[in-house]
Amino acid sequence: MIAQHFINGVWSDAGDRIAVEDPGTAEAIGEVVLADPGCVDAAVAAADACVRRGELTRPRPAHRLSLMLEMAAAIRAVTEEGAEILCRESGKPLRDARGEFEEAARYFEYYGGMADKLEGRSIPLGEDYIDWTMREPHGVSAHIVPWNFPVGIAARSLAAGLAAGNCVVLKSPEVTPLGLCVLVKALASTDLPAGAINLISGDGPTTGEALVRHPLVQHIVFTGSVPTGRAILRAAAERIVPCVMELGGKSAAVVHDDADIDTVVASVESGVFFNAGQVCSAMARLIVHESLHDRLAEAIAARAEALEIGHGLEDPDLSALISATQLERVEQHCAGALADGATVVTGGKRVTRPGYFMQPTVFTDVAPSMPVANDEIFGPAVSLMQFRDPAQAIALANGTDYGLVAGVFGQDLNRTLDTARQLEAGQVFVNEWFAGGVETPFGGIGQSGYGREKGLEALDNHLRTRNIAVRLTR
Ligand code: NAD
């Protein structure tokens with residue numbers, strides 16, 4: 039398969055290509071066409087022309103609602119085809135790839151249902167005036183997505199952006215561009231106007247930079263790493279372009295002494311090992327009451343050692359990392375933690391088999407100053423730290439520059455909720471990591487970024503307010 043550009047309603051494979059690899063075998067499975075600045079320009083011009091024709095905004099908003107429901111149905115129809123391709127290019131288990139397409143369909147249903155409810159306000163200014171607000175789209179919106187959940191993340195901003203009436207240029211990640219082509223083909227099989235969604239791929243320095251610096255781009259939604267987020271914000275600052283920044287994390291769960299161990303272990307399995315730990319909101323740190331620490335470390339290590347490792351198509355418990363580079367990075371983090379004095383309870387090494395597999399890894403004796411307690415590892419590893427009193431737990435949990443998500447486990451409702459209130463993060467999970475869904479706002483504070491995706495709050499990012507004040511003459 040070749041990941042082509044989709045510009046102004048037309049697929050094209052003009053441009054240089056690089057291979058797309060299956061990280062579960064390290065073999066090439068396809069190619070991606072790289073967008074040069076001319077191609078980026080064509081994509082933005084197509085989106086801009088669609089904005090000017092008003093094809094999304096002139097008809098009654100109920101038209102966008104039905105278009106988006108049509109899109110949701112089209113996504114559901116390609117779920118099996120798309121999931122297999124996404125599974126192979128990303129390495130993730132087939133069930134999770136399927137889940138990403140199902141989630142994508144949900145975004146289109148959820149935000150489609152809002153397309154005809156984006157109402158303004160009437161503001162009283164006395165009898166001589168009539169004043170109201172209108173919620174309008176920005177125009178051309180650039181969406182840049184990372185490789186770890188390319189379909190789900192693209193769908194969440196595409197759906198909210200489209201419901202608001204924006205036209206989009208989507209840049210797919212160069213390592214996982216194939217599943218997104220299946221998604222966009224499904225969207226394009228509906229009555230989508232030409233230019234309303236354009237898809238390009240390519241690397242950051244060439245394609246990404248040309249996109250965020252393009253003079254017709256009026257809004258940017260970025261999901262990715264902190265350094266790239268900073269570079270994009272610098273570019274956006276030149277033209278004062280509003281941005282949404284969904285960046286990294288080093289999230290912590292606080293485990294109180296009355297937590298149910300089985301519940302915590304089940305959450306560790308999803309929080310740490312889902313997508314081989316390549317998740318911005320992974321449970322990277324576990325801050326455990328000293329009375330439970332040893333028992334919990336043992337239980338987590340036992341669960342980690344029982345995980346079945348395999349190729350994504352076999353639907354394993356633990357799948358491959360995205361690339362040789364990522365595997366090396368994770369191994370280096372683990373070696374660094376050992377050198378710093380952390381204890382490896384289990385794992386810490388690569389798995390000897392074709393592809394890029396890392397052992398599930400559990401660290402104890404992690405001090406807050408160690409890089410393993412602060413840096414995003416993006417691999418299947420968790421660091422356990424101990425606390426004696428709740429204030430110490432909060433200080434440890436809030437002790438990094440990030441603030442994407444956090445969690446708390448315990449039975450005492452007062453204490454658990456008190457902890458939830460004090461954790462510095464955009465969302466807090468109580469007694470289940472990843473609780474929530476398409477409907478619940480997601481986004482960070484601190485170095486994890488700003489703006490919210492998912493939930494109704496996401497629509498605020500994709501809209502701007504115009505106030506109209508009328509002086510009545512009598
Ligand atoms: P990355 O920052 O390297 O790349 C993300 C995207 O930005 C890619 O499409 C890349 O091509 C593009 N890019 C790179 N340089 C660019 C530039 N100068 N201008 C414009 N675009 C540029 O991130 P990644 O390695 O793909 O993804 C992993 C990171 O993403 C992790 O830090 C993870 O925490 C974060 N992430 C965050 C969320 C969230 O919702 N908060 C979700 C998933 C991943």
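When you read off a place in the sequence shown, starting at 1, and then add 38, the result is the number in my numbering.
Think of the CB as a built atom: it goes at the ideal place given N, C-alpha and C, for glycine as much as any other residue.
Bear in mind that the values here come from a model prediction, so they are computed numbers and not experimental data.
By the neighbour-count definition (other C-beta atoms within 10 Å, threshold 16), R323 is a buried residue. Secondary structure of M39 (DSSP, three-state): coil.
In this structure, the alpha-carbon of L451 lies about 29 Å from that of A419. With contacts defined by Cβ atoms closer than 9 Å, V71 and R55 form a contacting pair. Judged by beta-carbon spacing, P184 lies beyond the 9 Å limit of G240, meaning their Cβ atoms are not closer than that value. Using a Cβ distance threshold of 9 Å, G177 and C205 count as a contacting pair. Judged by DSSP secondary structure, R459 falls outside any beta strand (DSSP E) and instead within the alpha helix (DSSP H) spanning 451-460.
Distances taken from the Cβ of F44 to the heavy atoms of the ligand NAD include none shorter than 8 Å. Of the residues D353, A153, D295, R102, the one whose Cα lies closest to the Cα of L124 is D353.
If you draw a straight line from the Cα of E477 to the Cα of K492, it is about 6 Å long. I56 is bridged by DSSP to V70. Inter-residue distance for L218 and V189 is about 6 Å (C-alpha atoms, whole angstroms). At the C-beta level, E69 and I45 stay beyond 9 Å of one another. Following the DSSP letters along the chain, one finds K209 inside the beta strand (DSSP E) bounded by residues 205-210. Per DSSP, the unbroken alpha helix (DSSP H) holding A429 starts and ends at 428-435. When Cβ pairs closer than 8 Å are counted between the two stretches, the segment 385-405 is seen to touch the segment 422-440, the count reaching three or more. By the CB criterion at 9 Å, A121 and L132 fall inside the cutoff. Within the same chain, and ignoring the five residues on either side of A57 in sequence, the residues whose Cβ sits closer than 7 Å to its Cβ are A66, E69. A direct Cα-to-Cα measurement between V383 and K288 gives close to 20 Å. In terms of Cβ geometry, Y167 and V508 form a close pair [threshold 9 Å].
When DSSP states are grouped into helix, strand and coil, H181 belongs to the strand group.
L107 is positioned such that its CB atom lies closer than 9 Å to that of E147. Counted as a single uninterrupted DSSP element, the beta strand (DSSP E) harbouring P175 occupies residues 167-175. Within the same chain, Cβ atoms closer than 7 Å to the Cβ of P175 are found at T95, A202, G203, N204, H500, L501, the five residues on either side in sequence being excluded. The residue from S357, A110, R512, F416 with its alpha-carbon nearest to that of T228 is A110. Sequence-distant partners of G62 (beyond 5 residues in either direction) whose C-beta falls short of 6 Å from its own C-beta, in its chain, are G129, H349, G350, A358, G393.
In the structure shown, E414 adopts coil according to DSSP, grouped into three states.
The DSSP assignment places complete alpha helix (DSSP H) segments of no fewer than 4 residues inside the segment 314-352 at 328-344, in order along the chain. Rounded to the nearest whole angstrom, the CA to CA distance from V302 to F472 is 12 Å. Shortest gap from the CB of I182 to any heavy atom of the ligand NAD: under 8 Å. Between V293 and L334, the C-beta gap is smaller than 9 Å, which places the two residues in contact. Burial state of E307 is buried, judged by a 10 Å Cβ sphere holding 16 or more other Cβ atoms. Across the set A83, T438, A342, the C-alpha of A342 shows the shortest separation from the C-alpha of G385. Distances between the C-beta of E491 and the heavy atoms of the ligand NAD include at least one below 8 Å. If you check the CB distance, V282 and G474 do not come in under 9 Å. Exclusion of S128 from the 8 Å shell around the ligand NAD follows from its C-beta lying no nearer than that to any non-hydrogen atom of the ligand.
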